[in-house]
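Protein chains in written order, with the numbering used here: chain A, 889 to 1040; chain B, 889 to 1040.
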DNA sequence: CAAATTTCTAGACTTGGTCGAAACTGATGA
DNA sequence: TCATCAGTTTCGACCAAGTCTAGAAATTTG
Ligand SMILES: [Mn+2]
Ligand SMILES: [Mn+2]
Ligand SMILES: [Zn+2]
Ligand SMILES: [Zn+2]
């Protein structure tokens, strides 16, 4: 278990009050504004993969709460701070993954569905040496799948 | 070695005349038009990763040869026919990989550079079972790296 | 309350796709 | 061999979605 404090807390504590979320955000150096707290509430309600558009729609379900620009700013901020993981599998949009523990993905190219594969279900051996002067920024393993009945 | 005939030929034959390329295209059921031959010439000159925009620029370097629409149509066609592999690593654009043998990638998130890792340098063990009713459409393994000096 | 930060609206920008008209390809048969 | 013609491909000119900017207005912090 080597994930960050913020992540570990998120994965072990039940977060359901704005107080909790606000302090979580403060811990990673993010000022907890109303918009950020709402976005975090939605995102961290459970491990899930959401697009910016989905977050926007959910945040504003009952009346306007945050603008599109704020959604993008906030998701980018959360990603930089390590609260969410950006998953690049679909050229048309980024998925924000609220599960930041190490794991891999199935991506159904027919349905666009993205699902998790626990890290220990797959073992990588013989990992390549990184090119000189570089350091790891994460490993993505994506099993692209297709619904078997889908028009060939 | 289980790649398709077209691929194997590309990897073993030196292709430098339009005749060669035209017959390669015919073999996979693609009518070899002038635009398609030019695009193929550029793409298959060597194993490389190119964006649609890069192909467009190179094809039209000395005078207009193919329109943007044709570039996108052709790259999509080549991908469907298995002549190139789409690599999704950068949310802002698709890379078309003229190397269709099984292999993995380093992606430098600072420079946008994409480089190959030979398949046998990495071994995947304990591969997960595919979800019921699905079949594989490819496995992507991407080592995201960062230049070590890059601003934190 | 003032300074610093954040949000918002509006619009720009990029990748990639669509549409209908014009050009091309390749099979046919005179 | 060549004209013809149906089917295919290309093209320019939009268009759409996702994402990012800019500057003004609002909010947060101390
Ligand atoms: Mn797109
Ligand atoms: Mn982008
Ligand atoms: Zn995930
Ligand atoms: Zn490659």
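All C-beta atoms in this analysis are idealised placements derived from N, C-alpha and C, irrespective of residue type, glycine included.
With a threshold of 7 angstroms, establish whether the CB of residue 998(A) neighbours any heavy atom of ligand 4. The residue given as residue 998(A) occupies position 110 in the first chain. No; taking the cut-off as 7 angstroms, the Cβ of residue 998(A) has no heavy atom of ligand 4 nearer than that.
Taking only three categories from DSSP, how would you classify residue 966(B)? On the second chain, position 78 is the one that residue 966(B) refers to. DSSP, reduced to helix, strand and coil, places residue 966(B) within a helical segment of the structure shown.
Is residue 987(B) a contact residue of ligand 4, with contact defined as CB to any heavy atom under 7 angstroms? Locating residue 987(B) in the second chain gives position 99, counting from the first residue. Checking the Cβ of residue 987(B) against ligand 4 gives yes.
For the stretch 1010-1025 of chain B, which residues have a CB atom closer than 8 angstroms to at least one CB atom of chain A, in sequence order? If the cut-off is 8 angstroms between Cβ atoms, the stretch 1010-1025 of chain B has 1010, 1011, 1012, 1013, 1014, 1015, 1016, 1018, 1019, 1021, 1022, 1023, 1024, 1025 near chain A.
For a test of the three-state rule: what should DSSP assign to residue 948(A), helix, strand or coil? Stepping through the first chain from its first residue, residue 948(A) is reached at position 60. Coil.
With C-beta atoms as the reference, is residue 982(B) less than 8 angstroms away from residue 959(B)? The count along the second chain starts at 1 and reaches residue 982(B) at position 94. The count along the second chain starts at 1 and reaches residue 959(B) at position 71. For residue 982(B) and residue 959(B), no; Cβs fall outside 8 angstroms.
Tell me which same chain residues have a C-beta within less than 8 angstroms of the C-beta of residue 914(B), skipping the five on either side of it? Here residue 914(B) refers to the residue found at position 26 of the second chain. 920, listed in sequence order.
Note the first and the last residue of the continuous alpha helix (DSSP H) segment covering residue 930(B). Taking the first residue of the second chain as 1, we reach residue 930(B) at position 42. Where residue 930(B) is concerned, the enclosing alpha helix (DSSP H) stretches over 922-931.
Identified DSSP bridge partners for residue 1006(B): Within the second chain, residue 1006(B) is the residue found at index 118, counting from 1. 991(B), per the DSSP bridge assignment.
Proximity winner among 1014(B), 1030(B), 973(B), 986(B), relative to residue 1000(B) (alpha-carbon distances): For the purposes of this step, residue 1000(B) is identified with residue 112 of the second chain, where counting begins at 1. Ranking the options by Cα distance to residue 1000(B), first place goes to 1030(B).
Going by the CB atoms, is the gap between residue 1026(B) and residue 934(A) shorter than 8 angstroms? Within the first chain, residue 934(A) is the residue found at index 46, counting from 1. Within the second chain, residue 1026(B) is the residue found at index 138, counting from 1. For residue 934(A) and residue 1026(B), no; Cβs fall outside 8 angstroms.
Taking a contact to mean a Cβ-Cβ separation below 8 angstroms, would you say residue 937(A) touches residue 975(A) in this structure? Looking up residue 937(A) in the first chain gives position 49. Looking up residue 975(A) in the first chain gives position 87. Taking a C-beta distance under 8 angstroms as the contact criterion, residue 937(A) and residue 975(A) qualify as a contact pair.
What does the alpha-carbon distance come out to for the pair residue 907(A) and residue 930(A)? For the purposes of this step, residue 907(A) is taken as the residue at position 19 of the first chain. For the purposes of this step, residue 930(A) is taken as the residue at position 42 of the first chain. Roughly 15 angstroms between the two C-alpha positions.
Cα-Cα separation between residue 1014(B) and residue 1006(A), rounded to whole angstroms: For this step, residue 1014(B) is matched to residue 126 along the second chain. For this step, residue 1006(A) is matched to residue 118 along the first chain. Rounded to the nearest whole angstrom, the C-alpha separation of residue 1014(B) and residue 1006(A) is 11 angstroms.
As assigned by DSSP and simplified to three states, the class of residue 940(B): Position 52 of the second chain, counting from 1, holds the residue named residue 940(B). In the structure shown, residue 940(B) sits in a helix (DSSP, three-state: H, G or I).
Take residue 966(B) and list the residues in its own chain whose beta-carbon comes closer than 6 angstroms to its own, dropping the five residues that flank it on each side. If you number the second chain from 1, residue 966(B) lands on position 78. Apart from sequence neighbours up to five positions away, the residues of its chain that approach residue 966(B) with a beta-carbon distance below 6 angstroms are 972, ordered along the chain.
Rounded to the nearest angstrom, what separates residue 1016(A) and residue 979(A) at their Cα positions? The residue labelled residue 1016(A) in the question sits at position 128 within the first chain. The residue labelled residue 979(A) in the question sits at position 91 within the first chain. One C-alpha to the other measures close to 26 angstroms.
Quick check: is the beta carbon of residue 1032(A) nearer than 8 angstroms to any beta carbon in chain B? Here residue 1032(A) is taken as the residue at index 144 of the first chain, counted from 1. Answer yes: the Cβ-Cβ gap between residue 1032(A) and chain B drops below 8 angstroms somewhere.
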